[in-house]
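Peer 1:
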Amino acid sequence: MFTEDQIAKIKADFPDEAVQSRTFKNRDGSEKEFSGYKPAWIVERLNDVFGVGGWNYRVVNQGNIENQVWVLGELLVVDGETKTFYQNFGQGEFSKTMSVGDAFKSAGTDAMGKCASYFGIGEKAYKGLETRKPIAATATTGAVVSDTESMTEELIVLLEKHKVNKKEIFVTLCKNVLNREVQKKADLTPEEMAKIIHHLKVNEAPF
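Using the working numbering, you'd call the opening residue of the sequence shown number 31 and step up by one each time.
#1: Assuming residue 88 and residue 104 make a contact with CB atoms under 8 Å, what is their CB distance in whole Å?
#2: Please state if the CB of residue 227 and the CB of residue 183 are separated by a distance shorter than 8 Å.
#3: Please state the DSSP three-state secondary structure of residue 113.
#4: Taking the DSSP output, what are the residues bridged to residue 246?
#5: Do residue 146 and residue 152 have their C-beta atoms within less than 8 Å of each other?
#6: Mind checking who residue 87 pairs with in its DSSP beta bridge?
#7: Can the beta-carbon of residue 79 be found closer than 8 Å to that of residue 39?
#8: How is the alpha helix (DSSP H) around residue 147 delimited, first residue to last?
#9: Distance, Cα to Cα, residue 86 vs residue 233?
#10: Counting beta carbon pairs with one atom in the segment 188-208 and one in the segment 218-226, are three or more of them shorter than 8 Å?
#11: Identify the residues that DSSP records as bridge partners of residue 82: which are they?
#12: Rounded to whole angstroms, what's the CA-CA distance from residue 212 to residue 190? Just pull it up for me.
#13: Any idea if residue 45 is buried or exposed, counting beta-carbon neighbours within 10 angstroms, 16 or more meaning buried?
#14: For residue 70, count neighbouring Cβ atoms within 10 angstroms of its own Cβ and tell me buried if that reaches 16, exposed if not.
#15: Using DSSP's beta-bridge definition, name the partner residues of residue 60.
#16: Within 10 angstroms of the Cβ of residue 230, are there 16 or more other Cβ atoms? Answer buried if so, exposed if not.
#17: Could you name the residues of the same chain whose beta carbon sits closer than 6 Å to that of residue 90, not counting the 5 residues immediately before and after it, in chain order?
#18: Per DSSP, residue 94 is paired with what?
#19: On the criterion of 16 or more Cβ atoms from any shown chain inside 10 Å, does residue 49 qualify as buried, or is it exposed?
#20: With a cut-off of 8 Å on the beta carbons, I'd call residue 99 and residue 133 a contact; round off their distance for me.
#21: As a quick exercise: from 119, 161 and 31, pick the residue whose alpha carbon is nearest that of residue 110.
#22: Considering only C-alpha positions, which residue in the set 116, 117 and 130 is nearest to residue 97?
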């Protein structure tokens, strides 16, 4: 079905800056970290391999069970008169600090990545062979930084875990860690977000 050139592009490793980590909750409440690839890089690889307009992704169905959301996505690839598609589920979670819309968005891109892996794109991660972590931001904090969207998702999970669910608590946390007053997450720079993520990871309590 695929040409040698397409196969080479499919199997090519993603660059370090494409790697992201996501944390999923198991049914028993425990958490599992998974290394994968940022959606923008998956889309770029699909365009490189199949061409713009040579593929299509859509959400077939979606729903939620309490605060856990799920999306059934479908990725269609057109090669001449041949059409091949795969479907898979993605998951997300909304909370006091994660909107329902953002949770469904996260679940949708999760499903797209899984579907792409059926064509061989990013399959290394789903085989558990991707050992790289998101590139480091600064040597001073040791914090890990991916793109802003991934960092925001990680920060939201950690804030929920530490029960930083009120504005005044968030402001106090930022004062202690950053030595400045921050009213909302959107006001944080990537480096500041990395410092708070690192602080919440290494300390049992936020203060």
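The C-beta atom is built at its ideal place from N, Cα and C for all residues, glycine as well.
Peer 2: The structure says:
#1: In the sequence shown, the residue the question calls residue 88 occupies position 58. In the sequence shown, the residue the question calls residue 104 occupies position 74. Right, their Cβ atoms sit about 6 Å apart.
#2: Taking the first residue of the sequence shown as 1, we reach residue 183 at position 153. Taking the first residue of the sequence shown as 1, we reach residue 227 at position 197. Result no, Cβ atoms of residue 183 and residue 227 do not sit closer than 8 Å.
#3: Counted from its first residue, the sequence shown places residue 113 at position 83. In the structure shown, residue 113 sits in a strand (DSSP, three-state: E or B).
#4: This structure gives no information on residue 246, because the portion of the chain shown stretches from 31 to 237.
#5: Taking the sequence shown and counting its residues from 1, one reaches residue 146 at position 116. Taking the sequence shown and counting its residues from 1, one reaches residue 152 at position 122. Yes, the Cβ-Cβ distance between residue 146 and residue 152 is below 8 Å.
#6: Taking the first residue of the sequence shown as position 1, residue 87 is located at position 57. Answer by DSSP bridge pairing, in chain order: 105.
#7: The residue you call residue 79 lines up with position 49 of the sequence shown. The residue you call residue 39 lines up with position 9 of the sequence shown. Yes, the Cβ-Cβ distance between residue 79 and residue 39 is below 8 Å.
#8: The residue given as residue 147 occupies position 117 in the sequence shown. Element bounds for residue 147: 130-148.
#9: As a working note, residue 86 is residue 56 in the sequence shown. As a working note, residue 233 is residue 203 in the sequence shown. So the two alpha carbons sit approximately 44 Å from each other.
#10: yes
#11: By 1-based counting over the sequence shown, the position of residue 82 is 52. DSSP output for residue 82 lists no bridge partner at all.
#12: Numbered from 1 along the sequence shown, position 182 holds the residue referred to as residue 212. Numbered from 1 along the sequence shown, position 160 holds the residue referred to as residue 190. Looking at the two C-alpha atoms, the distance is approximately 18 Å.
#13: To locate residue 45, count along the sequence shown from 1; it is residue 15. Looking at its Cβ environment, which holds fewer than 16 other Cβ atoms inside 10 Å, residue 45 is exposed.
#14: Within the sequence shown, numbered from 1, the residue matching residue 70 stands at position 40. Counting Cβ neighbours within 10 Å, residue 70 comes out exposed, since fewer than 16 surround it.
#15: In the sequence shown, counting from the first residue as 1, residue 60 sits at position 30. DSSP lists no partner for residue 60.
#16: Looking up residue 230 in the sequence shown gives position 200. Per the 10 Å Cβ criterion, buried.
#17: Residue 90 sits at position 60 when you count from the first residue of the sequence shown. Excluding sequence neighbours, residue 90 sits near 102 and 104.
#18: The count along the sequence shown starts at 1 and reaches residue 94 at position 64. Answer is 99, bridged to residue 94.
#19: By one-based count along the sequence shown, residue 49 stands at place 19. Result: buried.
#20: Start at 1 with the first residue of the sequence shown, and residue 99 comes out as number 69. Start at 1 with the first residue of the sequence shown, and residue 133 comes out as number 103. 5 Å between Cβ atoms; contact.
#21: Taking the sequence shown and counting its residues from 1, one reaches residue 110 at position 80. Among 119, 161 and 31, the Cα nearest to that of residue 110 is on 31.
#22: Here the question's residue 97 lines up with position 67 in the sequence shown. Answer by Cα proximity: 130.
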